[in-house]
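Asker: Here's a structure for you.
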Amino acid sequence: MSTKQESNGDRPLRFLDHLAGWINWPRFLFALGLFIFFAMILFPFYWMVSSSFKSPAEIASRTPVYIPSQLRLDAYKELFDANQAHFQNFGANIVNSILVAVPTALIAVILSTLGAYATARLRFKGREWMLNGVLVVYLFPAVLLIIPLFAMLAQISQVFGFEVQDNLVVLIFTYLAQTLPVALYMLTNYFRTIPDEIEQAALIDGCTRFEVIWRIVLPLAVPALITVGIYTFMIAWNEFLYAFIFLNDRAAFTIPIKINTIFNDPSPRPHVVMAASTIMTVPVIVLFLAFEKFLERGLTAGGVKG
Amino acid sequence: MSTVSPPQKRSIFGNTMHAREVRLAWALILPTFLIVFGLILFPAIFSVWISFHKVGLNNLNDVLHAPFIGFDNYKAVFSDFAFKWNGFSQMGAAVTTVFYSFASTILTLLFGLVAALLLNRPFKGRGLARGIFLFPYVAPVISVAFVWRWLLDPRPSGVLNHVLMSLNMIEAPKAYLATRGLAIWLVIIFQAWRYFPFAMLMILARLQAIDDTLYEAAAVDGANAWQKFLYVTIPELRYVLGATFLLRLLWTFNKFDDIWLLTGGGYGTNVLPVLTYQFSFNSYDFGKGAATAMIMLTALVVFIAAYVLIVMRNADES
Chain A
0 MSTKQESNGD RPLRFLDHLA GWINWPRFLF ALGLFIFFAM ILFPFYWMVS SSFKSPAEIA
60 SRTPVYIPSQ LRLDAYKELF DANQAHFQNF GANIVNSILV AVPTALIAVI LSTLGAYATA
120 RLRFKGREWM LNGVLVVYLF PAVLLIIPLF AMLAQISQVF GFEVQDNLVV LIFTYLAQTL
180 PVALYMLTNY FRTIPDEIEQ AALIDGCTRF EVIWRIVLPL AVPALITVGI YTFMIAWNEF
240 LYAFIFLNDR AAFTIPIKIN TIFNDPSPRP HVVMAASTIM TVPVIVLFLA FEKFLERGLT
300 AGGVKG
Chain B
0 MSTVSPPQKR SIFGNTMHAR EVRLAWALIL PTFLIVFGLI LFPAIFSVWI SFHKVGLNNL
60 NDVLHAPFIG FDNYKAVFSD FAFKWNGFSQ MGAAVTTVFY SFASTILTLL FGLVAALLLN
120 RPFKGRGLAR GIFLFPYVAP VISVAFVWRW LLDPRPSGVL NHVLMSLNMI EAPKAYLATR
180 GLAIWLVIIF QAWRYFPFAM LMILARLQAI DDTLYEAAAV DGANAWQKFL YVTIPELRYV
240 LGATFLLRLL WTFNKFDDIW LLTGGGYGTN VLPVLTYQFS FNSYDFGKGA ATAMIMLTAL
300 VVFIAAYVLI VMRNADES
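Protein chains in written order, with numbering that gives the first Met the number 0: chain A, 0 to 305; chain B, 0 to 317.
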């Protein structure tokens with residue numbers, strides 16, 4: 000492009016010349032395609048974040064407000080400030096979601112590490128059968144499982160005397176069932192890529208299997224463990240259907256159910272819905288971007304049901 | 000390790016090296032197995048049982064003594080107005096599900112292919128662009144579904160209404176998601192928007208593994224860009240396109256959240272997963288709900304068997 004010595008009048012022409020020299024059909028189509036994709040992907044996200052900062056008047060206006068006049072925190076106040084008229088106590092919902100998603104991720108990582116070590120390293124009958132069986136789980140729709148689960152848990156709760164409805168522990172177990180097969184599959188594939196000579200040497204030196212797992216396998220598998228942990232966290236954090244069925248009490252709602260409730264409120268307040276959605280989406284996107292390298296490989300390797 | 004163990008006796012109760020390994024293996028995998036069996040496989044089998052019994056809210060606590068009613072639940076589903084075909088304006092959940100699954104899977108794959116081709120070209124900031132392209136897939140369904148609902152808002156303040164009215168393409172605001180015929184297409188577009196990143200990643204991984212010499216050979220033969228795409232890229236992508244198609248179709252067929260949150264299953268968008276939910280948790284006829292789910296699962300199994308036997312085998316041969 001133009002350099003400092005040239006006069007100002009030349010600049011636009013020079014620039015156009017340069018552009019004309021650079022552009023050709025493939026490049027133009029490429030740039031256009033990229034632009035369309037970016038616009039299509041990012042606009043809904045922009046709309047979500049920007050709307051969460053709009054004032055009630057901007058929300059209710061006859062034409063859409065594309066850029067909020069100022070960053071108003073009305074929506075966020077409604078979510079968190081107990082003095083507001085429509086106080087939503089959203090903090091409690093965030094806590095519930097964390098209480099469900101974090102244990103799900105931790106337990107899934109621990110259990111699937113043990114299981115995957117067995118399927119990758121130890122020989123036993125039914126090993127291949129079990130790995131293939133894991134893939135069958137992809138077939139079962141969540142709506143199919145929700146009916147028998149509902150009936151089963153009702154029976155079990157009568158026998159053992161615990162509450163199924165509004166019980167976050169029940170929710171954790173159902174999420175574990177959803178995520179463990181994928182986690183097991185991904186980790187088994189990963190363990191198989193680690194050569195096992197070091198482990199054999201350690202075993203000959205007298206280490207027990209648990210010591211081998213703890214001292215050798217785990218340190219080598221950290222990237223895969225992070226991937227599995229973040230995936231299971233994201234699945235549990237985003238899950239809607241099971242939480243929708245099993246949670247009835249406002250105090251037990253996780254974030255998605257709370258957003259659904261605010262959305263279906265008789266007096267529509269889209270900016271509050273968008274604020275809650277922003278709060279829910281930001282951690283997921285940040286986690287994803289931070290660990291993108293690991294996660295992409297996981298996406299294509301095992302595939303996360305969704 | 001197992002070469003050490005004597006081959007004649009392989010009882011898992013013995014004290015050989017092999018027996019101890021087997022016991023350890025089962026101990027390690029047992030927690031996972033119990034959870035998956037107890038909360039997925041057993042319920043799946045149990046729902047076959049439920050589909051042959053009359054189970055409602057009144058006997059849910061005593062479900063094992065529910066009266067056996069044979070195929071009545073299935074008959075009820077097949078003759079239900081919401082399920083069966085009633086002509087093109089009232090397609091019914093069965094036909095809608097098939098139509099919508101195929102349409103959105105194909106559209107998802109097309110979007111994914113275009114996106115993968117764009118990102119296959121090296122340019123500055125490609126890594127970041129890749130990350131951004133995955134946003135719709137990783138974001139929570141509830142937030143993106145509600146953003147879309149609001150963009151398609153029936154009031155004049157809805158973005159799509161405002162844009163189309165400013166362009167003079169429509170005169171009065173429309174309720175897009177509450178218009179029969181249009182709503183299902185919007186759901187399909189939403190699905191393509193949300194799930195194309197998955198297809199893109201699968202295709203991109205394969206694209207980057209294509210041997211450059213193939214393109215060079217094609218160039219020597221005088222092929223232009225379009226011919227290269229048609230005769231080199233597409234054949235190389237065939238297998239991954241087939242596999243991605245199958246996976247996406249499977250998941251789309253079973254999908255509940257997206258449609259439920261966008262339209263609630265109204266206005267010609269009722270599909271089998273939503274119908275299952277409605278039978279079970281709106282009219283509390285769990286037997287009928289389970290029967291619907293079983294019909295869905297049967298269709299899926301038959302389709303996958305046929306697909307794997309015919310399409311994938313042909314792909315292997317050629």
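Note that CB positions come from ideal geometry on N, CA and C, so glycine has one too.
(1) Rounded to whole angstroms, what is the Cα-Cα separation between Ala-200/A and Thr-207/A?
(2) In angstroms with no decimal places, state the Cα-to-Cα distance between Ala-289/A and Leu-70/A.
(3) Identify every run of the alpha helix (DSSP H) within the region 218–297 of chain B, keeping only runs that are complete inside it and at least 4 residues long; order them along the chain.
(4) Figure out for me which residue from Phe-44/A, Pro-67/A, Phe-42/A, Gly-20/A has the closest Cα to the Cα of Ser-54/A.
(5) Identify the continuous alpha helix (DSSP H) that holds Met-151/A and give its terminal residues.
(6) So Met-47/A and Met-233/A are in contact, right, with Cβ under 8 Å, and what is the actual spacing, rounded?
(7) Quick check: what's the CA-CA separation for Ala-305/B versus Ala-93/B?
(8) Find out if the Cβ-Cβ distance for the pair Val-136/A, Phe-245/A is shorter than 8 Å.
(9) Compute the Euclidean distance between the alpha carbons of Ser-100/B and Leu-151/B, then round it to the nearest angstrom.
(10) List the residues of chain B that Gly-114/A touches, going by C-beta distances under 8 Å, in chain order.
(11) Please list the terminal residues of the continuous alpha helix (DSSP H) segment that includes Leu-151/B.
(12) Quick one: Cα of Ala-144/B to Cα of Ala-242/B, how far?
(13) CA-CA distance, Leu-261/B and Thr-112/A?
(14) If you draw a straight line from the alpha carbon of Leu-31/A to that of Phe-44/A, how long is it in whole angstroms?
(15) Return the residue from the list Trp-184/B, Ile-233/B, Leu-118/B, Ala-204/B that minimises the CA-CA distance to Gly-267/B.
(16) What is the DSSP secondary structure of Gly-130/B, counted as helix, strand or coil?
(17) Can you pull the chain B residues whose beta carbon is under 7 Å from the beta carbon of Pro-269/A, in chain order?
(18) With a Cβ-Cβ cutoff of 8 Å, do Phe-189/B and Asp-257/B count as a contact?
(19) Kindly confirm or deny that the region 284–299 of chain B and the region 45–52 of chain B touch, where touching means at least three C-beta pairs closer than 8 Å.
(20) Once DSSP output is grouped into helix, strand and coil, what is the label at His-52/B?
(21) Just to confirm before moving on: does the CB-CB distance between Gly-236/A and Ser-51/A stay below 8 Å?
(22) Looking only at its chain, what residues have a beta carbon closer than 7 Å to the beta carbon of Ala-242/A, apart from the 5 residues adjacent to it on each side?
(23) Whose Cβ in chain B lies nearer than 8 Å to the Cβ of Gln-154/A?
(24) Using only alpha-carbon positions, find the residue among Trp-225/B, Phe-285/B, Ile-294/B that is nearest to Asn-58/B.
(25) When you compare the CB positions of Leu-27/B and Gly-125/A, do they come within less than 8 Å of one another, or not?
(26) Taking only three categories from DSSP, how would you classify Phe-36/A?
(27) With which residues is Phe-172/A paired in a DSSP beta bridge?
(28) Under 7 Å Cβ-Cβ, which residues of chain B neighbour Asn-237/A?
(29) If I measure Cβ to Cβ from Leu-203/B and keep anything under 7 Å in the same chain, skipping five residues before and after, which residues do I get?
(30) Just to confirm, are Thr-251/B and Leu-183/A a CB contact at a threshold of 8 Å?
(31) Using 8 Å for Cβ pairs, my map puts Leu-121/A next to Leu-23/B. What's the rounded Cβ distance?
(32) Would Thr-178/A and Thr-231/A be called neighbours here (beta carbons separated by less than 8 Å)?
(33) Between the region 67–86 of chain A and chain B, which residues of the former have a C-beta closer than 9 Å to a C-beta of the latter?
(34) Quick one: is Ser-51/A near chain B, going by C-beta distance under 8 Å?
(35) Are the C-beta of Thr-176/B and some C-beta of chain A separated by less than 8 Å?
(36) If distances are taken between C-alpha atoms only, which option among Arg-268/A, Leu-286/A, Ile-145/A, Val-285/A comes closest to Ala-56/A?
Answerer: Taking the geometry as given:
(1) Against the first sequence, residue 200/A aligns to sequence position 201. Against the first sequence, residue 207/A aligns to sequence position 208. Approximately 12 Å, taken between the alpha carbons.
(2) In the first sequence, residue 289/A corresponds to position 290, counting from 1. In the first sequence, residue 70/A corresponds to position 71, counting from 1. Near 27 Å, if we compare the C-alpha coordinates of Leu-70/A and Ala-289/A.
(3) 224–227, 233–253, 256–261, 271–276
(4) As a first step, residue 54/A must be located in the first sequence, where it is residue number 55. Of the listed residues, the one whose Cα sits closest to Ser-54/A is Pro-67/A.
(5) Here the question's residue 151/A lines up with position 152 in the first sequence. Unbroken alpha helix (DSSP H) run through Met-151/A: 141–159.
(6) Sequence index remark: in the first sequence, residue 47/A carries index 48 (1-based). Sequence index remark: in the first sequence, residue 233/A carries index 234 (1-based). Their Cβ separation, rounded to whole angstroms, is 18 Å, which puts Met-47/A and Met-233/A out of contact at 8 Å.
(7) Taking the second sequence and counting its residues from 1, the one referred to as residue 305/B is at position 306. Taking the second sequence and counting its residues from 1, the one referred to as residue 93/B is at position 94. If you take the alpha carbons of Ala-305/B and Ala-93/B, they lie about 19 Å apart.
(8) Reading the first sequence from its first residue, position 137 is the one you call residue 136/A. Reading the first sequence from its first residue, position 246 is the one you call residue 245/A. Cβ distance not < 8 Å, so Val-136/A and Phe-245/A don't count as in contact.
(9) Your numbering for residue 100/B matches position 101 in the second sequence. Your numbering for residue 151/B matches position 152 in the second sequence. Rounded to the nearest angstrom, the two C-alpha atoms are 22 Å apart.
(10) What you label residue 114/A is simply residue 115 of the first sequence in a count that begins at 1. Near Gly-114/A (Cβ distances below 8 Å), the residues of chain B are Leu-27, Ile-28, Pro-30, Thr-31, Phe-32.
(11) Mapped onto the second sequence, residue 151/B falls at position 152. First-last for Leu-151/B: undefined, no H or E at that position.
(12) If you number the second sequence from 1, residue 144/B lands on position 145. If you number the second sequence from 1, residue 242/B lands on position 243. Taking the straight line from one Cα to the other gives about 27 Å.
(13) Residue 261/B sits at position 262 when you count from the first residue of the second sequence. Residue 112/A sits at position 113 when you count from the first residue of the first sequence. Approximately 38 Å between the Cα atoms of the pair.
(14) On the first sequence, residue 31/A is found 32 positions in, with the first residue counted as 1. On the first sequence, residue 44/A is found 45 positions in, with the first residue counted as 1. Going from the Cα of Leu-31/A to the Cα of Phe-44/A covers about 20 Å.
(15) Looking up residue 267/B in the second sequence gives position 268. Of Trp-184/B, Ile-233/B, Leu-118/B, Ala-204/B, the residue nearest in Cα terms is Trp-184/B.
(16) As a position in the second sequence, residue 130/B is number 131, starting the count at 1. DSSP places Gly-130/B in helix when its eight states are reduced to three.
(17) One-based indexing of the first sequence puts residue 269/A at position 270. The answer, in chain order, is Trp-149.
(18) Position 190 of the second sequence, counted from the start, is the residue given in the question as residue 189/B. Position 258 of the second sequence, counted from the start, is the residue given in the question as residue 257/B. Contact flag set, yes.
(19) yes
(20) Translated into positions along the second sequence, residue 52/B becomes position 53. Strand at His-52/B.
(21) Walking along the first sequence from the start, residue 236/A turns up at place 237. Walking along the first sequence from the start, residue 51/A turns up at place 52. In the sequence as presented, Gly is not what sits at residue 236/A; that position holds Trp. In this structure, Ser-51/A does not lie closer than 8 Å to Trp-236/A by Cβ.
(22) Working through the first sequence from its first residue, we reach residue 242/A at position 243. These residues qualify, in order along the chain: Leu-170, Thr-253, Pro-255, Ile-256.
(23) Taking the first sequence and counting its residues from 1, one reaches residue 154/A at position 155. Residues of chain B passing the Cβ test: Asn-60, Val-62, Leu-63.
(24) Sequence index remark: in the second sequence, residue 58/B carries index 59 (1-based). Selected option, being the one with the closest Cα: Phe-285/B.
(25) As a position in the second sequence, residue 27/B is number 28, starting the count at 1. As a position in the first sequence, residue 125/A is number 126, starting the count at 1. No, these two residues do not count as a Cβ contact at 8 Å.
(26) Start at 1 with the first residue of the first sequence, and residue 36/A comes out as number 37. Looking at Phe-36/A - three-state DSSP - the assignment turns out to be helix.
(27) In the first sequence, counting from the first residue as 1, residue 172/A sits at position 173. Answer is none; Phe-172/A lacks a bridge partner.
(28) Position 238 of the first sequence, counting from 1, holds the residue named residue 237/A. Simply Pro-139, Val-140.
(29) Working through the second sequence from its first residue, we reach residue 203/B at position 204. Correct list, in chain order: Ala-115, Leu-118, Asn-119.
(30) Translated into the one-based positions of the second sequence, residue 251/B becomes position 252. Translated into the one-based positions of the first sequence, residue 183/A becomes position 184. Contact flag unset, no.
(31) Taking the first residue of the first sequence as position 1, residue 121/A is located at position 122. Taking the first residue of the second sequence as position 1, residue 23/B is located at position 24. Indeed they touch by this definition, with Cβ atoms about 6 Å apart.
(32) In the first sequence, the residue the question calls residue 178/A occupies position 179. In the first sequence, the residue the question calls residue 231/A occupies position 232. Yes, these two residues count as a Cβ contact at 8 Å.
(33) none
(34) Taking the first sequence and counting its residues from 1, one reaches residue 51/A at position 52. With 8 Å as the cut-off, Ser-51/A does not count as an interface residue toward chain B.
(35) Numbered from its first residue, the second sequence carries residue 176/B at position 177. The question names Thr, yet the displayed sequence has Leu at residue 176/B. Leu-176/B does not count as touching chain A.
(36) Here residue 56/A corresponds to residue number 57 of the first sequence, with the count starting at 1. Measuring from the Cα of Ala-56/A, the nearest candidate turns out to be Arg-268/A.
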